[in-house]
């Protein structure tokens, strides 16, 4: 990937997050169409504010760009949660319970990073999925499925240790991997299914694949919008994001559709934007949206440092 292509992908994800924040937790059909940055009534944040999705993604970008270990990224998560590092205005809002508990496990209980995440079935929110997309950029030339899975698993269990969350992250990263290597999203879905069924066979993760089965059904993209679930449950979020991308033509339309669905709009829009821009990395971010986003100079500094590290020679 070219340097600007990496930056484009990261910028689109941020504007998706910021556009989704005002609609977060609102019921579908109960609010006017959102086409520009708005203040958030629920979170009491000004227009252009990005959420924990972007803040924790920035921690990952820094960790990857500096070659940090898992202690390093947990320390970055702690700095974000305690001091407002990597936030638009120095204030934390909206961090999920599973993520905050994992950070406390590390900072207070001194648990090793790969054991910090909650392993219970009830802890299958989208807090790992929302931040993990940049790992696909790092792994785009990695041909070994085992290596791709290991990193997907390890970066997930830092906050979400149940096998279902790990499988969700792996599917998302596999889709991104194949799209970044030239496939359409529809082709990537077809490529990913046998990888899952083969590579995960006989492991604790195999039992989680059926939860994601609708994604691989041939009629999935034709599902009516009314049937799309938009909760913060990792399965709902991933399926909603993929459905949106399969039914829209451009990153901008993808984001607008995701935000219109209600529910966990910021994360669904962010995940969908990452998938859409992997197919269209040369497309620059919408300038109006970017100009309305808070702290873009800071964001671009972080994005540039990451892009400089992982650009193709």
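In our numbering, the protein residues as written are 77 to 389. Ideal Cβ positions, reconstructed from N, Cα and C, are used throughout, including at glycine. Just so we're clear, the structure is a prediction, and the values are computed from it rather than from any experiment.
Assignment of beta-bridge partners to residue 236 by DSSP yields 194. Taken through DSSP and simplified to helix, strand or coil, residue 116 comes out as strand. The three-state secondary structure of residue 324, taken from DSSP, is coil. In the DSSP assignment, residue 201 forms a beta bridge with 309.
In this structure, the beta-carbon distance from residue 99 to residue 113 does not fall below 7 Å.
Within 10 angstroms of the beta-carbon of residue 266 lie fewer than 16 other beta-carbons, which makes it exposed. DSSP places residue 80 within a helical segment (H, G or I) once states are collapsed to three. Note: residue 121 is bridge-paired with 116 in the DSSP secondary-structure output.
Residue nearest to residue 139 within the set 217, 355 and 210 is 210 (criterion: CA-CA distance). Rounded to the nearest whole angstrom, the C-alpha separation of residue 222 and residue 249 is 13 Å. With contacts defined as CB atoms closer than 7 Å, residue 271 and residue 313 fail to qualify as a contacting pair. Between the beta-carbon of residue 376 and that of residue 129 there is about 18 Å, and that puts the pair past the 8 Å contact cut. Rounded to whole angstroms, residue 319 and residue 82 show a C-alpha spacing of 23 Å. In its chain, beyond the 5 residues on either side, 379 have a beta carbon closer than 6 Å to the beta carbon of residue 86. Between residue 175 and residue 182 a beta carbon distance of about 11 Å is seen, past the 8 Å cut, so the two are scored as non-contacting. Cβ neighbours of residue 153 within its own chain (closer than 7 Å, five residues either side excluded): 132, 135 and 179.
Rounded to whole angstroms, residue 364 and residue 281 show a C-alpha spacing of 43 Å. The beta strand (DSSP E) runs lying completely inside the region 231-292 and spanning 3 residues or more number zero. Membership of residue 388 in any alpha helix (DSSP H) is not indicated, and neither H nor E is assigned to it by DSSP. Here residue 217 is exposed, its C-beta having fewer than 16 other C-beta atoms within 10 Å.
Pairing residue 373 with residue 164, the inter-Cα distance amounts to about 11 Å.
Selection 195, 268, 92 and 370 evaluated against residue 333 yields 92 as nearest (Cα-Cα). About 16 Å separates the CB atoms of residue 89 and residue 358; that is not less than 8 Å, and the two are not in contact. Between residue 311 and residue 244, the beta carbon gap of about 7 Å places them in contact (Cβ cut-off 8 Å). The continuous alpha helix (DSSP H) containing residue 158 extends over residues 146-159.
In the three-state DSSP reduction, residue 172 falls in the coil class, being neither helix nor strand. By a beta-carbon distance limit of 8 Å, residue 190 contacts residue 230. Their separation comes to about 6 Å. A distance of 7 Å or more separates the beta carbons of residue 235 and residue 201. Shown here for residue 102: same chain residues with a beta carbon closer than 7 Å to its own, the five before and five after excluded, namely 338 in chain order.
Pairing residue 291 with residue 315 gives a Cβ-Cβ distance under 7 Å. Within the model, the alpha-carbon separation for residue 368 versus residue 262 is close to 32 Å.
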